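Worksheet for the structure shown next.
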Amino acid sequence: MLDMVKKAMLTGVGFAVKTWDEVEKMAKDMTKKSRMTEKEGQKFLDDVRKKYDEAQEKLESRAEKIVKDLLKKGNIATSDDIRALKKEISDLKKKIKGASPEK
1 MLDMVKKAML
11 TGVGFAVKTW
21 DEVEKMAKDM
31 TKKSRMTEKE
41 GQKFLDDVRK
51 KYDEAQEKLE
61 SRAEKIVKDL
71 LKKGNIATSD
81 DIRALKKEIS
91 DLKKKIKGAS
101 PEK
């Protein structure tokens, strides 16, 4: 029963988009309803927190990838692109100053 509850709670996209407070409340309600011991309940909450953090990281990573892909497709410069260009300009200025004849 406990495994089934865990699996049900930890699956789906909804888990990743809920706030930790919402997830924690649901998990605590589950522990009460399933009559877990305090130790089992704490382990369950720890497992839920770990899975929640993993889901958040995956969601964040996917969102970042999507944004980067959209910027690339839209031919829009990113801050990394601009930083690289600034560095290249700075390097070129230094080369030009070093190559110019002194008076």
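At position 56 of the sequence shown (counting the first as 1) the number is 56 in the working numbering, and the numbers step up by one without a gap. Where is the CB? At the ideal position from N, CA and C, for every residue including glycine. The model shown is predicted, which means the values in this text are computed figures rather than measured ones.
ask   = If you check the beta carbons only, do Thr78 and Leu85 fall under 7 Å apart?
value = no
request  = Determine the burial state of Met1: buried for a count of at least 16 other Cβ atoms within 10 Å of its Cβ, exposed for fewer.
outcome  = Only weak support is given to the placement of Met1: the predicted model assigns it a pLDDT of 46, under 50, and the value that follows is read from those uncertain coordinates. Result: exposed.
message = Tell me the DSSP secondary structure of Ser34 in three-state form.
response = coil
query = Taking buried to mean at least 16 other C-beta atoms within 10 Å of its own C-beta, is Ile82 buried or exposed?
reply = exposed
key: Beta carbon of Val48 nearer than 7 Å to that of Ala63   = no
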